[in-house]
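The sequence shown begins at -6 in this note's numbering and counts up by one.
The beta-carbon is built from N, C-alpha and C at its ideal position, and this holds for glycine as well.
Only a predicted model underlies this, so the values are computations on that prediction, with no experimental measurement involved.
Everything below concerns the one structure shown next.
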Amino acid sequence: MQRALANGSQVCVTVTLVDGRVLAHAAFHHSMNYRSVVVFGTASVVKDATEKTKALLTFSEHVIPGRWAEVREPTEDELEKTLVLRIPLTEASAKVRSGPPIDEEADYMLPVWAGELPLRLVTGAPISDPRLQRRLQAPAYVRSYQMQSRGRKVS
């Protein structure tokens, strides 16, 4: 897919995170709580090695802050084999649904449980690579890693 996009194609990227199921009194009003974004733009290849390395560093630090400083940086060969695409935001749209179910007024009197069933990604304990040459403890940034969700830490 990335190779097909590398020729300057128009791109639509959609990401949706489901935060929970919403169970209403009536099946018709069941829903999901979610966060969603749709981005439109034209993809182009990042060819400059310095710019490509900076993009990879930025991505890495976003995913696991502090990791880049400890690992070996990509070699010229690895950079050559890695495709990095730039997608300037031509157009973007975001949608969020949160909160309890919204039922018909009369349905609130039904003897049926209604509410939210939250769904969360949970960070587990680190598991060391069985091929570590020495007994190294996971660094503090790994042991204390927590994913960010809606401005608050969840674990």
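Secondary structure of residue i, DSSP reduced to three states
i: R136; result: helix
i: V56; result: helix
i: K40; result: coil
i: R149; result: Outside the shown range of the chain (-6 to 148) lies residue 149, about which nothing can therefore be said.
i: R151; result: Absent from the structure is residue 151, since the part of the chain shown begins at -6 and ends at 148.
i: L72; result: helix
i: L49; result: helix
Residues that residue i bridges to, as DSSP identifies them
i: R90; result: Y27
i: P111; result: G13
i: T7; result: V31
i: A85; result: V32
i: L78; result: V38
Cβ separation of residue i and residue j, assumed to be a contact under 8 angstroms, to the nearest whole Å
i: A36; j: L72; result: That belief does not hold up - the Cβ atoms of A36 and L72 are roughly 18 angstroms apart, past 8 angstroms.
i: Q(-5); j: L82; result: The pair is not a contact, with the Cβ atoms about 18 angstroms apart (cut-off 8 angstroms).
i: P94; j: A20; result: At roughly 11 angstroms, the Cβ-Cβ gap does not stay under 8 angstroms, so P94 and A20 are not in contact.
Problem set entry | Touch test, the stretch 24 to 32 against the stretch -5 to 10, Cβ-Cβ under 8 angstroms, three pairs minimum | With the cut-off at 8 angstroms, the stretch 24 to 32 and the stretch -5 to 10 touch.
Problem set entry | Inter-stretch contact at 8 angstroms, needing at least 3 Cβ pairs: the stretch 126 to 140 / the stretch 50 to 64 | The stretch 126 to 140 is in contact with the stretch 50 to 64.
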